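Trainee:
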Amino acid sequence: MNNHHESTGPSDGQQITLRGPAELADALPYLMGFHPSDSVVMVALHGGRGRFGGRLRLGIPREPGEWGPVAEQLAESLISGSERRDGRPDAIVIFLCQDSPDGESGRLTMERLRPFAQSLRTACGALDVPVLEALCLSDGRYWSYCCPDGRCCPPQGKLLAMPGTTVMAAAAAYAGIRVRGTLRDMEARLAPWRTPDEVSVQLRALDRAAASLVPRLLDERVKAEVAKETLALTRTLMDRLGRTPPAPEAVSDLGDDKLIGEDEAAAVILGLQDRETRDKAAVWMEGPEGHRALRLWRTLARRCVGPYGEHAAAPLTLAGWVSWSTGDEPGARVALAMALRADPEYTFAQLLHRACNEGLDPETLRRCLRGDGDGGEGPEPEVAGAEEAGAAVGAGGARGPALHVRRVRPATNRARRRASGRRVTDTRGTAPAPGSAGPGGPRPGTAGPGPVAAGRRVRDVRRYGRRGAGTRR
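To convert, count from 1 in the sequence shown and add 17; that's our numbering.
#1: Have a look at S54, V216, G174 and flag the residue whose alpha-carbon is nearest the alpha-carbon of G323.
#2: Among residues of its own chain, excluding the 5 on either side of G307, which ones have a beta-carbon nearer than 7 Å to its beta-carbon?
#3: What does the alpha-carbon distance come out to for the pair E80 and K175?
#4: For V148 and C114, which I take to be in contact (beta-carbon distance under 8 Å), what is that distance rounded to the nearest angstrom?
#5: Grouping DSSP H, G and I as helix and E and B as strand, with all else coil, what is G465?
#6: Taking the beta carbon of A448 as the centre, do at least 16 other beta carbons fall within 10 Å, making it buried, or is it exposed?
#7: Select from R350, R371, D273 the residue whose C-alpha is nearest the C-alpha of G98.
#8: Comparing C-alpha positions only, which one of R315, G278, R158, P78 sits nearest to G123?
#9: Please tell me whether V285 and T251 are closer than 8 Å, where the distance is taken between their beta carbons.
#10: What residue range is occupied by the uninterrupted alpha helix (DSSP H) comprising C141?
#11: Check whether the Cβ atoms of L91 and L75 sit closer than 8 Å, and answer yes or no.
#12: If you count every other CB in all the chains shown that lies within 10 Å of the CB of L35, and 16 or more means buried, which is it?
#13: Could you check whether L95 and G71 sit closer than 8 Å to each other, using their CB atoms as the reference points?
#14: Please tell me whether R320 and W210 are closer than 8 Å, where the distance is taken between their beta carbons.
#15: For L235, which of helix, strand or coil comes out of DSSP?
#16: Between the C-alpha atoms of Q367 and M355, what's the straight-line distance to the nearest angstrom?
#17: Determine the closest residue to D345 out of E303, S136, E327, A249, with distance taken between C-alpha atoms.
#18: What does the Cβ neighbour count give for E83, buried or exposed, with the cut at 16 atoms within 10 Å?
#19: Determine which residues share a DSSP beta bridge with Y159 and list them.
#20: Quick check on this structure: which residue in R257, H328, G278 has the alpha carbon closest to the alpha carbon of A310?
#21: Does DSSP put A61 in a helix, in a strand, or in coil?
#22: Consult DSSP for T212 and reduce its assignment to one of helix, strand or coil.
#23: Could you check how far apart the C-beta atoms of L353 and P332 are, in whole angstroms? I think they sit under 8 Å.
#24: Compare the C-alpha of R178 against each of A143, G167, S155 and name the closest.
#25: Round the Cβ separation of A336 and W314 to the nearest angstrom and send it over; I've been treating them as touching at under 8 Å.
#26: Expressed to the nearest angstrom, what Euclidean distance is found between the alpha-carbon atoms of L136 and V60?
#27: By DSSP, does A108 sit in helix, in strand, or in coil?
#28: Output the boundary residues of the alpha helix (DSSP H) element that contains G348.
#29: Would you kindly work out how many angstroms separate the C-alpha atoms of R68 and D107, rounded to a whole number?
#30: How should G278 be labelled, buried or exposed, when 16 other C-beta atoms within 10 angstroms of its C-beta is the threshold for buried?
#31: According to the Cβ coordinates, are A244 and E204 closer than 8 Å?
#32: Starting from L289, trace the alpha helix (DSSP H) both ways and give me its first and last residue.
#33: Counting only C-beta atoms, is R233 closer than 8 Å to chain C at any point?
#34: Starting from the C-beta of G259, find all residues in its chain whose C-beta is less than 6 Å away, skip the five residues before and the five after it, and write them out in chain order.
#35: Could you spell out where the alpha helix (DSSP H) holding G337 opens and where it closes?
Dropping the structure here:
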């Protein structure tokens, strides 16, 4: 067993000293703000006492052939990013978090991931930064990849501490810090519906909205009218949600889903594909108005079903922005990572993702957006849009230079085909998983010109959106 003395704390005025793998494993959810499932997490350590610095999270690649290249990019990203902020790290701690499929073979999972752990250790060592500890967390147990002593680190692993029973849990509770659920739980709140009946109803509504709105979005003479209609409907839906107080998370989303009709959701989803309309909606970012907007953006993200999955980039990015603006950084990273999963080229999500991971102050962007009015009118051309303001934040802001976020590129052609925007996210970041396709063609079981034509028009507006003044980015 390696004894550690990493100091961290839930607040600037309180420091906690962690000793040994058990306390390190227990601290992980508090470092990230949630339980990182199916993830590799790397944490930089600074100074003789091992002060926690930047941290990085990525979904564990499924193919072992990707582990070597991914390990090299993770090590380089964490070390170079730390150098820009806190100086070169003196050591690194690695966590591999993955439960077994049956919940009973954590040791097999640990052994299967051992080559990945070794690749990470080798990659860090090649950059002259040692790995102080590498842990595997699986099925309620932990194993050390660095300790060969079976007396303190037995082959069957050691049980993780019961939640809420450790010094880190006590300090976090005292500071009012709440650990969210697992990453999977957080993503589920934003994921598209899967129930066949619900998907079918919403899909028909999206097809109707596409047939009606896309030609108008393509027409510069009437596009501004669509923006006004979209923002007015958005305000109506927010007010409706505001009249129903939010419930606990377990039932809140179900209640919100019932308050928003499928045609209403479809109209706003299509309207938000226009960049200027989306920028105007970003003004709802703080206070009670921001919380109502966040509930709506989550609801709309869940309605981007089937071939409209790529349309979720807009509401997911808005959800990430409001979460970041209201102080929920873990929630912001999850939403923004999912936006990049839906559309890896979505510029606004890229900018916010980078700025959030860098730890920049969202107030810089809030100041830019407060000049955009109340969100009830069309875009004002003299006011900088959200994307331009986001670029300003990403270019530096009040806390220093921007973080360079690199995309992890798989080694094999098959992996390239499967990957859709897996990104390294530095400094308390989260990372997206493989994404979904956008609309644009007929679906199995559909016939006739209606849905197919709507799909073509959706594809047209998305191509248009990448070139002109109303670009969807």
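Backbone N, C-alpha and C define an ideal beta-carbon position, used for all residues, glycine too. Here the structure is a predicted model, which is why all the values come from computation and not from measurement.
Mentor: The short version:
#1: On the sequence shown, residue 323 is found 306 positions in, with the first residue counted as 1. Out of S54, V216, G174, V216 has the C-alpha closest to the C-alpha of G323.
#2: In the sequence shown, the residue the question calls residue 307 occupies position 290. Taking G307 as the centre and dropping the five residues before and after it, the same chain places the C-beta of W301, V339, S342, T343 closer than 7 Å to its C-beta, in chain order.
#3: Translated into the one-based positions of the sequence shown, residue 80 becomes position 63. Translated into the one-based positions of the sequence shown, residue 175 becomes position 158. When rounded, the distance between both Cα atoms is 27 Å.
#4: The residue you call residue 148 lines up with position 131 of the sequence shown. The residue you call residue 114 lines up with position 97 of the sequence shown. Between V148 and C114 the beta-carbon gap is near 16 Å, outside 8 Å, which marks them as no contact.
#5: The residue you call residue 465 lines up with position 448 of the sequence shown. Here the model assigns G465 a pLDDT of 37, short of 50, so the residue's position is not dependable, and the following value carries that caveat. In this structure, G465 counts as coil in the three-state DSSP scheme.
#6: Your numbering for residue 448 matches position 431 in the sequence shown. Caution applies to A448, whose pLDDT of 38 falls short of 50 and renders its modelled position unreliable; the model cannot decide the point.
#7: Position 81 of the sequence shown, counting from 1, holds the residue named residue 98. Looking from the CA of G98, the closest CA among R350, R371, D273 belongs to R371.
#8: Here the question's residue 123 lines up with position 106 in the sequence shown. Closest option to G123, Cα to Cα, is R158.
#9: What you label residue 285 is simply residue 268 of the sequence shown in a count that begins at 1. What you label residue 251 is simply residue 234 of the sequence shown in a count that begins at 1. Against a cut-off of 8 Å, the Cβ pair of T251 and V285 comes out as a contact.
#10: Translated into the one-based positions of the sequence shown, residue 141 becomes position 124. Run containing C141: 123 to 143, per the alpha helix (DSSP H) assignment.
#11: The count along the sequence shown starts at 1 and reaches residue 91 at position 74. The count along the sequence shown starts at 1 and reaches residue 75 at position 58. Taking 8 Å as the cut-off, the Cβ atoms of L91 and L75 count as close.
#12: Sequence index remark: in the sequence shown, residue 35 carries index 18 (1-based). Burial call: buried.
#13: Within the sequence shown, the letter at position 54 stands for residue 71. Within the sequence shown, the letter at position 78 stands for residue 95. Yes, they are a contact pair.
#14: Mapped onto the sequence shown, residue 320 falls at position 303. Mapped onto the sequence shown, residue 210 falls at position 193. Judged by beta-carbon spacing, W210 lies within the 8 Å limit of R320, meaning their Cβ atoms are closer than that value.
#15: Counted from its first residue, the sequence shown places residue 235 at position 218. In this structure, DSSP gives L235 a state outside helix and strand, which the three-state scheme calls coil.
#16: Here residue 367 is taken as the residue at index 350 of the sequence shown, counted from 1. Here residue 355 is taken as the residue at index 338 of the sequence shown, counted from 1. C-alpha separation (whole angstroms): 11 Å.
#17: Within the sequence shown, residue 345 is the residue found at index 328, counting from 1. The option with the nearest alpha carbon to D345 is E303.
#18: The residue given as residue 83 occupies position 66 in the sequence shown. Flag for E83 reads buried.
#19: Within the sequence shown, residue 159 is the residue found at index 142, counting from 1. Among the bridge pairs identified by DSSP, Y159 is matched with L154, K175.
#20: Your numbering for residue 310 matches position 293 in the sequence shown. If we check each option's Cα against that of A310, R257 comes out closest.
#21: Your numbering for residue 61 matches position 44 in the sequence shown. Three-state result, A61: strand.
#22: The count along the sequence shown starts at 1 and reaches residue 212 at position 195. Looking at T212 - three-state DSSP - the assignment turns out to be coil, as it is neither helix nor strand.
#23: Position 336 of the sequence shown holds residue 353. Position 315 of the sequence shown holds residue 332. No, L353 and P332 are not in contact; Cβ-Cβ is about 12 Å, not under 8 Å.
#24: The residue you call residue 178 lines up with position 161 of the sequence shown. It should be pointed out that residue 178 corresponds to Ala in this sequence rather than to Arg. Each of A143, G167, S155 was checked against the Cα of A178, and the nearest Cα belongs to S155.
#25: For this step, residue 336 is matched to residue 319 along the sequence shown. For this step, residue 314 is matched to residue 297 along the sequence shown. The Cβ separation is near 4 Å, so the contact holds.
#26: The residue labelled residue 136 in the question sits at position 119 within the sequence shown. The residue labelled residue 60 in the question sits at position 43 within the sequence shown. Sequence check: residue 136 is Ser here, not Leu. Going from the Cα of S136 to the Cα of V60 covers about 16 Å.
#27: Along the sequence shown, read from residue 1 onward, the residue named residue 108 stands at position 91. In the structure shown, A108 sits in a strand (DSSP, three-state: E or B).
#28: Working through the sequence shown from its first residue, we reach residue 348 at position 331. Counting along the chain, the alpha helix (DSSP H) containing G348 begins and ends at 346 to 359.
#29: Start at 1 with the first residue of the sequence shown, and residue 68 comes out as number 51. Start at 1 with the first residue of the sequence shown, and residue 107 comes out as number 90. Those two C-alpha atoms are separated by around 10 Å.
#30: In the sequence shown, the residue the question calls residue 278 occupies position 261. If you draw a 10 Å sphere on the C-beta of G278, you find fewer than 16 other C-beta atoms in it, and that means exposed.
#31: If you number the sequence shown from 1, residue 244 lands on position 227. If you number the sequence shown from 1, residue 204 lands on position 187. A244 places its beta carbon 8 Å or farther from that of E204.
#32: For the purposes of this step, residue 289 is taken as the residue at position 272 of the sequence shown. Per DSSP, L289 belongs to no alpha helix (DSSP H) and is neither H nor E.
#33: The structure shown contains no chain C; it is built from a single protein chain.
#34: Taking the first residue of the sequence shown as position 1, residue 259 is located at position 242. Apart from sequence neighbours up to five positions away, the residues of its chain that approach G259 with a beta-carbon distance below 6 Å are R309, ordered along the chain.
#35: For the purposes of this step, residue 337 is taken as the residue at position 320 of the sequence shown. First-last of the alpha helix (DSSP H) with G337: 330 to 342.
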